[in-house]
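Novice: In the numbering used here, each residue carries its 1-based index in the sequence shown increased by 4. For glycine and all other residues, C-beta sits at the position ideal for the given N, C-alpha and C. Before I ask anything, here is the structure I am working with.
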Amino acid sequence: MRVLVVEDDPRISRDVIETLTSAGYATDHASDGEDAWFKGDTEDYSAVILDLGLPGMDGLAILKKWRANGRAFPILVLTARGTWSERVEGIDAGADDYLPKPFEMDELLARLRAVIRRSAGHAAPSIAIGEVVVDPKQMRVTVGGVPKSLSPQEYRLLSYLMHHAGRVVPQQELAEQLHGSYEERESNAVEVLVGRVRRKLGVDLIETRRGFGYLIEAAGQ
Ligand code: CA
5 MRVLVVEDDP
15 RISRDVIETL
25 TSAGYATDHA
35 SDGEDAWFKG
45 DTEDYSAVIL
55 DLGLPGMDGL
65 AILKKWRANG
75 RAFPILVLTA
85 RGTWSERVEG
95 IDAGADDYLP
105 KPFEMDELLA
115 RLRAVIRRSA
125 GHAAPSIAIG
135 EVVVDPKQMR
145 VTVGGVPKSL
155 SPQEYRLLSY
165 LMHHAGRVVP
175 QQELAEQLHG
185 SYEERESNAV
195 EVLVGRVRRK
205 LGVDLIETRR
215 GFGYLIEAAG
225 Q
C-alpha cells in the first residue's frame, strides 16, 4: 500500500507521513501542485491525500486533471474548515472523501482505510480469504485465528494482494506499492518477499503466474 501525500505545510506533511509510516503504509510526498499532478499521473498509488491550497496548481485543478486522464485511485481531500463550497466541488470532481483541518490523525487513518477498502470493493473492515484474515486497522494478519508476525513490507504486499483478490497483480505494480519514494527498489525484492510471506502464512494462498505476476483467488472461487 503506497499513499501519495500532497501537502505544502511542512509540519502537517511531516506529521501525516510519520503517522502513515507507523501505520504500515509506504509514502510519497509532493509539496507543490505541478509535482503532485506529475506523480499522480505517472505513478501508482493505493490512495492520495490531497490538500486543496497548494502553490503552483491548486488541488481541485489537479483532481480534475487526474480524473480526466482516467486516474482512478481513491482521493481523500484536506480542506480548510468551513469551506463547504470547496468540499462540494471536490466531491463533484471525483474526491472520495474529505477531512476538514485541523484533524486528528486517527480520523485521517480511519478515513484512509475506508476509501482504500471501498475502492477495492470491500465493505467489511477486515478481509478474509480462506483461513487468512487481514485487519487493516490493527495491521494484523491471522491464519485460522493464529496471529502471524509480518514485517511492514510483507504486510503491505499481502494486504495489497488481498485487496485486489481475483486479479493478477503485475510484479512492477507490487514493487511500486511496497516502497516509499526514497527507498531503493531491487529487481528481485518482490519475489523474495512473496517467498517470505508464503513461508510465514504456511498456507497455499499466493499463486505465481509466471511472466504475469501474482494472484490471490477471490473468496468463494
Ligand atoms: Ca496548503
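When DSSP labels each residue in this structure, what does Met109 get in the three-state scheme?
Specialist: Against the sequence shown, residue 109 aligns to sequence position 105. In the structure shown, Met109 sits in a helix (DSSP, three-state: H, G or I).
Novice: In this structure, does DSSP put Pro140 in helix, strand or coil?
Specialist: Walking along the sequence shown from the start, residue 140 turns up at place 136. Reduced to three states, the DSSP call for Pro140 is coil.
Novice: Comparing the CB of Gly94 with every heavy atom of ligand 1, is any distance shorter than 7 Å?
Specialist: For this step, residue 94 is matched to residue 90 along the sequence shown. No - ligand 1 has no heavy atom lying nearer than 7 Å to the Cβ of Gly94.
Novice: Can you tell me whether DSSP reads Asp32 as helix, strand or coil?
Specialist: As a first step, residue 32 must be located in the sequence shown, where it is residue number 28. Looking at Asp32 - three-state DSSP - the assignment turns out to be strand.
Novice: Can you tell me which of Leu64, Asp101, Lys68 puts its alpha carbon nearest to the alpha carbon of Pro78?
Specialist: Here the question's residue 78 lines up with position 74 in the sequence shown. Of the listed residues, the one whose Cα sits closest to Pro78 is Asp101.
Novice: When DSSP labels each residue in this structure, what does Ala84 get in the three-state scheme?
Specialist: For the purposes of this step, residue 84 is taken as the residue at position 80 of the sequence shown. Strand, per DSSP.
Novice: By the three-class DSSP mapping on this structure, what secondary structure does Arg203 have?
Specialist: Here residue 203 refers to the residue found at position 199 when the sequence shown is read from its first residue. Helix, per DSSP.
Novice: How would you call Arg75, buried or exposed, if buried means at least 16 neighbouring beta carbons within 10 angstroms?
Specialist: Taking the first residue of the sequence shown as position 1, residue 75 is located at position 71. Buried, by the Cβ-count rule.
Novice: What are the boundary residues of the alpha helix (DSSP H) that includes Tyr49?
Specialist: Position 45 of the sequence shown, counted from the start, is the residue given in the question as residue 49. It is not in any alpha helix (DSSP H) - Tyr49 carries neither H nor E in the DSSP assignment.
Novice: In chain order, what residues place their C-beta within less than 5 Å of a heavy atom belonging to ligand 1?
Specialist: Result (chain order): Asp12, Asp55, Gly57.
Novice: Buried or exposed for Asp96, going by 16 or more other Cβ atoms inside 10 Å?
Specialist: Taking the first residue of the sequence shown as 1, we reach residue 96 at position 92. Flag for Asp96 reads exposed.
Novice: What separation, rounded to the nearest whole angstrom, lies between the Cα atoms of Gly94 and Glu22?
Specialist: Reading the sequence shown from its first residue, position 90 is the one you call residue 94. Reading the sequence shown from its first residue, position 18 is the one you call residue 22. Rounded to whole angstroms, Gly94 to Glu22 spans 26 Å at the Cα level.
Novice: Can you confirm whether the segment 56–75 touches the segment 26–33 when touching is taken to mean that 3 or more C-beta pairs between the two stretches lie within less than 8 Å?
Specialist: Segments in contact, no.
Novice: Extract the residue ranges of the beta strand (DSSP E) inside the segment 150–195, only unbroken runs of 3 or more that lie entirely within it.
Specialist: With a minimum length of 3 residues, the continuous beta strand (DSSP E) runs that stay inside the segment 150–195 are 150–152.
Novice: Between which two residues does the beta strand (DSSP E) carrying Arg6 extend?
Specialist: For the purposes of this step, residue 6 is identified with residue 2 of the sequence shown, where counting begins at 1. Where Arg6 is concerned, the enclosing beta strand (DSSP E) stretches over 6–10.
Novice: Would you mind reading off the limits of the beta strand (DSSP E) that contains Leu58?
Specialist: In the sequence shown, the residue the question calls residue 58 occupies position 54. Taken as a continuous stretch (DSSP letters only), Leu58 belongs to no beta strand (DSSP E), as it is neither H nor E.
Novice: When you compare each of Arg200, Tyr164, Pro104, Gly37 to Lys68 by their alpha carbons, which one comes out closest?
Specialist: The residue labelled residue 68 in the question sits at position 64 within the sequence shown. The shortest C-alpha separation from Lys68 is found at Gly37.
Novice: Please list, in chain order, all residues of the same chain as Leu162 whose beta carbon is under 6 Å from its beta carbon, the five residues on each side excluded.
Specialist: Numbered from 1 along the sequence shown, position 158 holds the residue referred to as residue 162. Closer than 6 Å at the Cβ level, and outside the excluded window around Leu162, lie Val201.
Novice: Taking the alpha carbon of Asp13 as the reference point, which residue from Lys152, Leu58, Met109, Arg115 has its own alpha carbon closest?
Specialist: Taking the sequence shown and counting its residues from 1, the one referred to as residue 13 is at position 9. Here the closest residue by C-alpha is Leu58.
Novice: DSSP three-state call for Asp96: helix, strand or coil?
Specialist: By 1-based counting over the sequence shown, the position of residue 96 is 92. If DSSP states are grouped into helix, strand and coil, Asp96 belongs with the helices.
Novice: Spell out the partners DSSP gives Glu211 in its beta bridges.
Specialist: Here residue 211 refers to the residue found at position 207 of the sequence shown. BP columns for Glu211 point to Leu219.
Novice: Given Gly170, which residues of its chain have a CB within under 6 Å of its CB, disregarding the five upstream and five downstream residues?
Specialist: Counted from its first residue, the sequence shown places residue 170 at position 166. Taken in chain order, the residues that qualify are Ala222.
Novice: Hey, Val207 and Glu135: beta-carbon distance below 8 Å or not?
Specialist: To locate residue 207, count along the sequence shown from 1; it is residue 203. To locate residue 135, count along the sequence shown from 1; it is residue 131. In contact: Val207 and Glu135 (Cβ atoms closer than 8 Å).
Novice: Give the DSSP bridge partners of Thr23, in chain order.
Specialist: Residue numbering aside, residue 23 sits at position 19 when the sequence shown is read from its first letter. Bridge partners of Thr23: none, in fact.
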